Amino acid sequence: MRRVWAGWWLAWSCGWAMAQGVAVEVVDGQGRPVPGAVVSLESPAAQRAVQPMAGQAIVQRRRQFVPAVLPVTRGTPVTFPNEDTVRHHVYSFSPAKRFELKLYIGTPAEPVVFDRAGVVVLGCNIHDDMVAWVVVLDTPYFAESSAQGVASVDAPAGDYRLQVWHAGLPASGVPAAQPVRLDSAGRARVRVVLPELVRL
Ligand SMILES: [Cu+2]
Numbered sequence: 070m071r072r073v074w075a076g077w078w079l080a081w082s083c084g085w086a087m088a089q090g091v092a093v094e095v096v097d098g099q100g101r102p103v104p105g106a107v108v109s110l111e112s113p114a115a116q117r118a119v120q121p122m123a124g125q126a127i128v129q130r131r132r133q134f135v136p137a138v139l140p141v142t143r144g145t146p147v148t149f150p151n152e153d154t155v156r157h158h159v160y161s162f163s164p165a166k167r168f169e170l171k172l173y174i175g176t177p178a179e180p181v182v183f184d185r186a187g188v189v190v191l192g193c194n195i196h197d198d199m200v201a202w203v204v205v206l207d208t209p210y211f212a213e214s215s216a217q218g219v220a221s222v223d224a225p226a227g228d229y230r231l232q233v234w235h236a237g238l239p240a241s242g243v244p245a246a247q248p249v250r251l252d253s254a255g256r257a258r259v260r261v262v263l264p265e266l267v268r269l
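With this note's numbering as the guide, the letters of the sequence shown map in order to residues 70 to 269.
In structure tokens, the structure reads:
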């Protein structure tokens with residue numbers, strides 16, 4: 070994590086756009102855009118603003134989890150509908166949420182509530198190549214990076230810890246972090262380099 074930190078650099082531009090928050094450009098060690106990174110702004114105030122999200126689901130379709138990465142706020146219930154005709158057996162051994170949904174077809178009656186912040190790795194007992202990540206966040210201020218590697222996070226002015234997680238980072242589950250200050254003048258712009266990213 071320390072080495073990841075050392076690879077980061079910041080470019081600030083106040084008043085860069087109208088909206089308040091931060092635009093984060095995530096790139097790998099070669100400067101290529103990194104899609105699918107979860108960028109979040111953490112603070113005590115952000116923690117207090119957390120509300121569970123509604124309507125969250127990870128579908129099993131053609132023996133894959135869709136989406137493979139689902140960022141949610143702490144306390145969010147997630148359903149796991151199986152659209153395949155084969156049965157799946159969804160489980161996680163991650164400390165933030167251990168659970169299993171034994172062999173099933175259709176949608177289990179009860180959603181799984183992700184009540185602790187952290188990265189929850191999901192697998193299927195039947196299909197070893199099925200993998201997904203529920204990224205449980207202690208903040209309502211987050212976004213996923215686009216195909217261009219850009220995540221735009223809106224948040225009130227204040228001091229935050231900017232956290233970036235990606236499934237391809239080593240020891241996934243330990244997000245890289247750095248301090249960031251948002252003022253009310255506009256949107257800050259930050260470039261984050263992840264030199265240790267492994268392309269999945
Ligand atoms: Cu399966």
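Every residue gets a Cβ at the ideal spot worked out from N, C-alpha and C, and that includes glycine. Treat the numbers as computed from the prediction; the structure is a model and nothing was measured.
Identity of the residue in the options nearest residue i by Cα
i           : options            : result
residue 267 : 93, 89, 97, 91     : 97
residue 102 : 224, 94, 157       : 94
residue 144 : 181, 222, 223      : 181
residue 140 : 174, 217, 212, 156 : 212
Beta carbon of residue i nearer than 8 Å to that of residue j
i           : j           : result
residue 190 : residue 161 : yes
residue 132 : residue 199 : yes
residue 163 : residue 187 : yes
residue 249 : residue 110 : yes
Separation of residue j from residue i, as counted between CA atoms
i           : j           : result
residue 128 : residue 90  : 31 Å
residue 115 : residue 170 : 32 Å
residue 229 : residue 92  : 14 Å
residue 201 : residue 215 : 18 Å
residue 277 : residue 231 : Coverage of the chain is limited to positions 70 through 269, which leaves residue 277 absent and any answer about it impossible.
residue 226 : residue 113 : 13 Å
residue 138 : residue 152 : 18 Å
residue 158 : residue 105 : 25 Å
residue 224 : residue 252 : 10 Å
residue 179 : residue 99  : 44 Å
residue 166 : residue 174 : 22 Å
residue 123 : residue 254 : 32 Å
Cutoff 8 Å: residue i Cβ touching any chain C Cβ
i           : result
residue 202 : Here there is only one protein chain, and chain C is not present.
Integer-rounded CB distance, given that residue j should sit under 8 Å from residue i
i           : j           : result
residue 119 : residue 176 : Going by Cβ atoms, the distance from residue 119 to residue 176 rounds to 26 Å, so no, they are not a contact pair.
residue 233 : residue 135 : So it is not a contact: roughly 23 Å between Cβ atoms.
residue 263 : residue 235 : 7 Å
Can you list the alpha helix (DSSP H) stretches of 4 or more residues lying completely in the stretch 108-167, in chain order? 113-117
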